[in-house]
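See structure below.
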Amino acid sequence: MEIMNIVYPILSIGGLGVVLGGALGYAGKLFAVEEDPKLGEVLEALPGANCGGCGFPGCGGCAAAIVAGTAPVTACPVGGAAVAEKIGSIMGVEASSAEPMAAFVKCKGTCEVAKEKYTYFGLDDCVMAMQLAGAGAKSCSYGCLGLGSCKKACGFGAIEIIDGVAVVDKEKCVACGKCVSTCPKHIIEMLPAKKKVKVECSSKDNGKGVMAVCSAGCIGCKICEKNCPFDAVHVVDNLAVIDYEKCKSCGICANKCPKGVITGKKPAPPKAEAKPNAENAKKEEPKKEEAKSE
Amino acid sequence: MDLILLVLAGIFVNNYVLSQFLGICPFLGVSKKVETATGMGVAVIFVITLACAATYLVYNFILVPLDITYLYNIAFILVIAALVQFVEMFLKKSSPSLYQALGVFLPLITTNCAVLGVAVVNMQNEYNFIWSVLNGIGSAAGFALAIILFAGIRERIEFNDTPKAFDGFPMALVTAGIMSIAFLGFSGLIKL
């Protein structure tokens with residue numbers, strides 16, 4: 029009888045455990061939810077940084093949306109083309125249209141070329157500076173304040189403040205879009221990383237207004253518009269805007285720009301290098317020759 | 041009549057959280073938002089009701105006949121853990137929306153001592169099957185009531201200008217204490 033004091037508990041509790049375990053195992057099979065095997069694979073292919081750059085709650089949400097078909101295979105801006113290709117092969121879709129994007133700061137109003145309204149001694153934060161009179165110290169109301177809110181927002185160390193203007197390192201930028209939403213001046217934009225031609229100014233002031241505050245701003249002279257062979261540049265609200273569907277990165281506009289506001293200059297004869305910084309914007313005559321020389 | 045009183049006693053008089061101080065962990069942990077608190081409350085009602093039935097059967101048909109009632113703690117925990125797992129699987133399959141709503145709270149209930157507490161009280165008071173289940177429902181409803189009220193209060197306190205030293209959890213603990221004192225007013229109202 030003594031021995032039964034040990035045997036009964038072992039048998040009953042052990043048996044209970046075995047029965048419940050078996051029942052759970054059976055239930056696990058019975059109630060197995062059919063998860064799309066693609067979901068795991070897509071999740072595996074994603075970077076797993078959960079940065080939210082895609083607009084979904086983390087990589088899991090993005091993977092679910094891709095598998096469900098509500099998001100394109102290129103939905104992950106961080107992974108870029110490589111990840112899109114992997115996901116594309118999982119989903120059986122060509123991911124050829126994946127164009128890597130990168131953030132671009134549309135301002136080149138560095139300390140030397142742009143004037144300041146007053147000396148700012150506040151916190152090193154653009155959002156704070158925006159609260160003050162005149163929305164920051166820079167004379168140009170569109171210009172980069174250079175206090176580095178975007179730099180702080182960037183989780184990849186891709187933004188540096190150089191000469192009072194934020195500059196994005198294209199190599200490091202993963203196009204998560206954090207800086208775009210952080211910049212209180214709204215001058216950071218996602219642009220195709222491969223396109224060399226970009227307008228480095230956001231000012232919608234007229235030519236005279238721009239000239240008064242910054243020597244490197246777009247004055248809306250329309251020279252780029254007139255010279256573009258592909259009809260890709262247009263001046264909208266006194267600011268050159270490039271249509272990347274049409275732009276072939278030929279660089280003609282960049283070479284023609286009298287203010288040097290457009291990036292992506294082609295290595296042209298020395299004459300062309302010097303001319304874009306010429307003070308007078310309206311004179312197009314001497315530049316037609318350069319166009320031919322290219 | 042006794043059964044109605046039993047349920048009411050579970051909700052107000054013998055409130056597991058505020059009178060018996062069981063299940064404090066989820067009470068403090070999952071009570072920042074009314075929405076999640078409601079989810080937790082509903083999940084607890086669901087699990088405790090099932091657990092009461094299951095533990096009653098295990099106790100009276102396995103432990104008592106074998107005269108090994110001293111093992112009730114281990115047996116109950118085993119049953120409750122398995123039950124929660126099973127409920128989780130079942131919900132995932134049958135009602136994904138409810139599964140999503142309850143989310144992490146379901147597995148959390150495994151370690152909720154209120155569940156074990158109700159089972160033990162049922163055993164100690166030698167309730168029959170129906171009484172056990174009803175006591176479970178009442179107690180769980182009491183838990184749900186407490187956690188939802190608490191979450192509502194915490195949501196409001198969040199916007200108040202509390203002294204720095206009391207910010208956050210200290211304030212929650214003070215609140216819980218005051219709620220407990222308030223529920224003390226029910227004590228002795230119902231005698232079973």
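Going down the list, the sequences are from chains A and B.
If you're matching positions, the first sequence starts at 29 in the numbering used here and goes up one per residue.
If you're matching positions, the second sequence starts at 41 in the numbering used here and goes up one per residue.
Glycine residues also receive a C-beta, built at the ideal position from the N, C-alpha and C atoms.
| Query | Result |
| --- | --- |
| For the beta strand (DSSP E) containing glutamate 166 of chain B, list its first residue and its last residue. | Neither: glutamate 166 of chain B is in no beta strand (DSSP E) and is coded neither H nor E. |
| Could you work out which residue in B/Val57, B/Gln164, B/Val155 is closest to leucine 123 of chain B when comparing CA atoms only? | B/Val155 |
| Hey, is phenylalanine 331 of chain A's beta-carbon within less than 8 Å of any beta-carbon in chain B? | In this structure chain A extends from 29 to 322, so residue 331 of chain A is not present and cannot be described. |
| I think glycine 185 of chain A touches lysine 166 of chain A, with their Cβ atoms under 8 Å apart; what is that distance to the nearest whole Å? | Actually they do not touch by this definition, with Cβ atoms about 25 Å apart. |
| Pick from A/Leu71, A/Tyr146, A/Ala142, A/Asn78: whose alpha carbon is nearest that of alanine 112 of chain A? | A/Leu71 |
| Under 8 Å, do glutamate 228 of chain A and cysteine 104 of chain A count as touching if we go by C-beta distance? | no |
| Under a three-way DSSP split, which group does glutamate 30 of chain A fall into? | helix |
| Between glycine 45 of chain A and chain B, is the shortest Cβ-Cβ distance under 8 Å, so that the two count as touching? | yes |
| Mind reading off the beta-carbon distance from isoleucine 120 of chain B to alanine 93 of chain B? Whole number of angstroms is fine, and I expect it under 8 Å. | That pair is no contact at about 12 Å. |
| Spell out whether any CB of chain A is found under 8 Å from the CB atom of alanine 115 of chain B. | yes |
| Mind pulling the chain A residues with CB within less than 9 Å of methionine 129 of chain B? | Leu52, Ala55, Gly56, Leu58, Phe59, Ala60, Val61 |
| List the residues of chain B whose Cβ lies closer than 8 Å to the Cβ of tyrosine 146 of chain A, in chain order. | Here the premise fails: no neighbours, minimum Cβ distance about 35 Å. |
| Alpha carbon to alpha carbon, how far is glutamine 125 of chain B from leucine 185 of chain B? Give it in angstroms, no decimals. | 25 Å |
| Closer than 8 Å, CB to CB, is leucine 118 of chain B near chain A or not? | yes |
| Proline 220 of chain A bridges to which residues according to DSSP? | A/Met129 |
| Any C-beta of chain B sitting closer than 8 Å to the C-beta of isoleucine 41 of chain A? | yes |
| Please report the distance separating the alpha-carbon of isoleucine 38 of chain A from that of leucine 118 of chain B. | 14 Å |
| Beta-carbon within less than 8 Å of valine 2 of chain B's beta-carbon, same chain only, minus the 5 sequence neighbours each way: which residues are those? | Because residue 2 of chain B is not part of the residues shown, which for chain B are 41 to 232, the question remains open. |
| Check whether the Cβ of proline 65 of chain A lies closer than 8 Å to any Cβ atom in chain B. | no |
| Quick one: does alanine 122 of chain B have its CB under 8 Å from some CB of chain A? | yes |
| If you draw a straight line from the alpha carbon of cysteine 82 of chain A to that of asparagine 283 of chain A, how long is it in whole angstroms? | 36 Å |
| Quick check for students: name the residue ranges of the alpha helix (DSSP H) that lie wholly in the segment 32 to 102 of chain A, counting only runs of 4 or more. | 65 to 73, 86 to 96 |
| Taking the alpha-carbon positions, what's the glycine 43 of chain A to asparagine 33 of chain A distance? | 15 Å |
| Considering valine 84 of chain B, what are the terminal residues of the alpha helix (DSSP H) in which it resides? | 74 to 98 |
| Using a Cβ-Cβ cut-off of less than 8 Å, give me the residues of the segment 78 to 90 of chain B that come near chain A, in sequence order. | none |
| Just reading off the alpha helix (DSSP H) that leucine 267 of chain A is part of, what are its end residues? | Run containing leucine 267 of chain A: none in the alpha helix (DSSP H); it sits in the beta strand (DSSP E), 267 to 270. |
| Spatial neighbours of valine 196 of chain A within its chain, please: CB distance less than 7 Å, with the 5 preceding and 5 following residues excluded, ordered by chain position. | Ala130, Ala131, Phe132, Val133, Ala186, Ile187 |
| Residues of chain B with a CB under 9 Å from the CB of tyrosine 170 of chain A: which are they? | Result: empty, since nearest Cβ-Cβ is about 37 Å, beyond 9 Å. |
| Hey, out of A/Gly76, A/Gly174, A/Asp271, A/Ser169, whose CA is closest to leucine 151 of chain A's CA? | A/Gly174 |
| Going by CA-CA distance only, name the one from A/Ala244, A/Asp271, A/Cys249, A/Asn266 that's closest to phenylalanine 258 of chain A. | A/Asp271 |
| Hey, how far is the Cα of glutamate 69 of chain A from the Cα of valine 95 of chain A? | 10 Å |
| In terms of residue numbering, what span does the beta strand (DSSP E) encompassing alanine 194 of chain A cover? | 193 to 196 |
| Under 8 Å between C-beta atoms, does leucine 71 of chain A make it to chain B? | no |
| Counting only the same chain and skipping the five closest in sequence on each side, list residues whose C-beta sits under 8 Å from that of leucine 67 of chain A. | Ala91, Ala92, Val95 |
| Can you look up glutamate 188 of chain A in the DSSP assignment and give me helix, strand or coil? | strand |
| Just to confirm my understanding: we take cysteine 256 of chain A, look at its own chain, exclude 5 residues before and 5 after, and list those with CB closer than 7 Å. What are they? | Ile280, Cys281 |
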